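Structure record follows, encoded as structure tokens.
2 protein chains.
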Amino acid sequence: MLSQSSSQMPLAVNHISVDCVVLGFDGEKVRVLLIKRVGEENGQVFHDMKLPGGLIFTDENLDDAARRVLRELTGIKSINLLQFKAYGSKDRTKNAKDVHWLERAIQMKVDRIVTIAYIALVRINRGLTNSSGENEICWVPLDEVKTLAFDHNIILADAIDVVRRHAEADPSYLFNLLPQKFTILQLRTLYERVYGKPQDVRNFQKKVNQLDYVVALDEHEQGVAHRAARLYRFDRKLFKRVRR
Amino acid sequence: MLSQSSSQMPLAVNHISVDCVVLGFDGEKVRVLLIKRVGEENGQVFHDMKLPGGLIFTDENLDDAARRVLRELTGIKSINLLQFKAYGSKDRTKNAKDVHWLERAIQMKVDRIVTIAYIALVRINRGLTNSSGENEICWVPLDEVKTLAFDHNIILADAIDVVRRHAEADPSYLFNLLPQKFTILQLRTLYERVYGKPQDVRNFQKKVNQLDYVVALDEHEQGVAHRAARLYRFDRKLFKRVRR
DNA sequence: ATGGCTTGTTGTGAACATTACAATAAGTAT
DNA sequence: ATACTTATTGTAATGTTCACAACAAGCCAT
């Protein structure tokens, strides 16, 4: 793990945090869960947004910390938490605004914070209960995300990339974003959003039909002003049994 | 990044290190670069091995720290350093042996060390210069790796997995392990070792031949007691131009 | 120089997966 | 009844993957 370094540079004693990129899908767009931040700069109050995150406790594993943060801020008990990258660049806190906010928040002098970033895919319609009181949370469509705190824009962009690659390797991954009963249109739209290109309607349907772990239900959607689409569900047990 | 936590748990102030999984290929087996460690337990001297790694300095980026550690320990200036996971489990230092060694090495009380793990693929025949003096380094075939320090066996196993997946996504990745001039047999053996299954000779050759960034040379291998195989080289510029 | 040994090099057909493409069915609203 | 909207379905062409074996080239021993 480490060597008796020949150098006499000072060792860093850093804070470690976790940040979560929580993604949801509303049937039309992929949205990311952000937290409103209220800060102060030169006596001016400012509002912006950041990813949900927090410092880890002594005696707490990284994954547990991510789970706790998510639960505290949103009530989400996420099952598919994926650690994807550590961010430790010195200039991730180059913005004075961020440093002021941070030092007031944790009431400590901050040298640097290394953050471990996680991705969680959730069903967007689940109820969110913000047990930490103060912070307002909201689902923002990916294409409407403005400048975020710290390097959170970079983290978010990296996360999308990881989701894309992970979904390719694991065909079950994106189902975490869909409601339990969904139409093929919803599934197709999701794939189009994630991969950024249109999917052929017939070929897509054909492909889904030959996945035995996507099972057709005897139900159709309700309250639409046209022919109602059949509902499907994802069968995780069947998926694990088949594994391709 | 963080929230004013409602909890009153103590915040952790942790050490942060980087560990490098350096992989090479000798034409037959994939090898990992390990460092011999000499420690003491109950007055008994013990010898074992660990991944190259070290604590990060204040003011040092994670990637820079990994690069520095690698350079100090091996002389390698690795260009393809890939950060792949952070390890922060409390019980990664559950072995008393490790804790003793660690606290003597850095002359500090150690609560926990979060380590950021990197992968570097290098040409195994490059000269290694261990500028840190003391520690002996060696290339160990993957299937001969014994129990390592800390959780380094886990890190190594994870790394192999990441290499496999990364190689699928980026066909240029594994060429970092080959000498500049190589035979198709070497390339094929490498793929067989990484993916753990035999590759059909003809199909493999055919596939390589239709990659225009693997260019045939007018040279053949020397000093073999049979028909000499043609040499090839990987053309990175062509690869970047094509990108499939 | 010959024959034997070892490894290098090459092609074809079958099975399978991917792509492109448009007409009809089912339900709602007027 | 008609218009409107979205759902659902098949086929042919193309490209990719896979399985499989005979001949070529160079070295060595005699």
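Line by line, the protein sequences are chains A and B. To convert, note that position 160 of the first sequence is 272 in the working numbering; the numbers rise steadily by one, no gaps. To convert, note that position 74 of the second sequence is 186 in the working numbering; the numbers rise steadily by one, no gaps. For every residue, glycine included, the Cβ atom is placed at its ideal position computed from N, Cα and C. Computed from a predicted structure; not experimentally measured.
Sequence-distant residues of the same chain with beta carbon closer than 6 Å to residue i, five excluded per side
i	result
G200/B	V226
A271/B	V133, I231
Y303/B	Q311
D138/B	I236
V222/A	L214, E215
N288/A	N192, L233
L260/B	M161, K162
F158/A	G151
H264/A	K162, L163
F262/A	R204, D210
D175/B	none
Under 9 Å between C-beta atoms of residue i and residue j
i	j	result
V142/A	V134/A	no
K309/B	M161/B	no
V320/A	L299/A	yes
A198/A	A178/A	no
H127/B	R204/B	no
L185/A	N247/A	yes
F346/B	Y325/B	yes
I249/A	K148/A	yes
L268/A	L290/A	no
Three-way DSSP call (helix, strand, coil) for residue i in this model
i	result
R149/B	strand
E256/A	helix
Q219/A	coil
T227/A	strand
A232/A	strand
N126/A	strand
A337/A	coil
L163/B	coil
E304/A	helix
D330/B	strand
R143/A	strand
I296/B	helix
I266/B	helix
D131/A	strand
K352/A	helix
I249/B	strand
First and last residue of the uninterrupted beta strand (DSSP E) at residue i
i	result
L286/B	Unbroken run through L286/B: none, as it is neither H nor E.
R342/B	342 to 346
K197/B	193 to 199
Sequence-distant residues of its chain with Cβ nearer than 8 Å to residue i (five each side left out)
i	result
R276/B	V306, Y307
I329/B	The question names Ile, but residue 329/B is Leu in the sequence shown. Result list for L329/B: K293, R342, L343, Y344, R345, in chain order.
L114/A	The predicted model places L114/A with a pLDDT of 45, which falls under 50 and marks its position as unreliable; any figure quoted below should be read in that light. Nothing meets the Cβ criterion.
For residue j and residue i, believed in contact at Cβ under 8 Å, the rounded distance
i	j	result
L343/A	E331/A	5 Å
D131/B	G165/B	4 Å
L146/B	L163/B	7 Å
I188/B	S129/B	The Cβ separation is near 18 Å, so there is no contact.
V274/B	F196/B	5 Å
A337/B	L297/B	15 Å between Cβ atoms; not a contact.
N207/B	K202/A	Incorrect: roughly 33 Å between the Cβ atoms, too far for contact.
H212/A	E153/A	7 Å
Other residues of its chain near residue i: CB distance less than 7 Å, five sequence neighbours each side excluded
i	result
A279/B	Y285, L286, V306
G155/B	none
E140/A	T301
Q317/A	I296
Q292/A	R345
R355/A	none
Residue i: first and last residue of the uninterrupted alpha helix (DSSP H) it sits in
i	result
A261/B	Neither: A261/B is in no alpha helix (DSSP H) and is coded neither H nor E.
T186/A	174 to 186
F316/B	313 to 321
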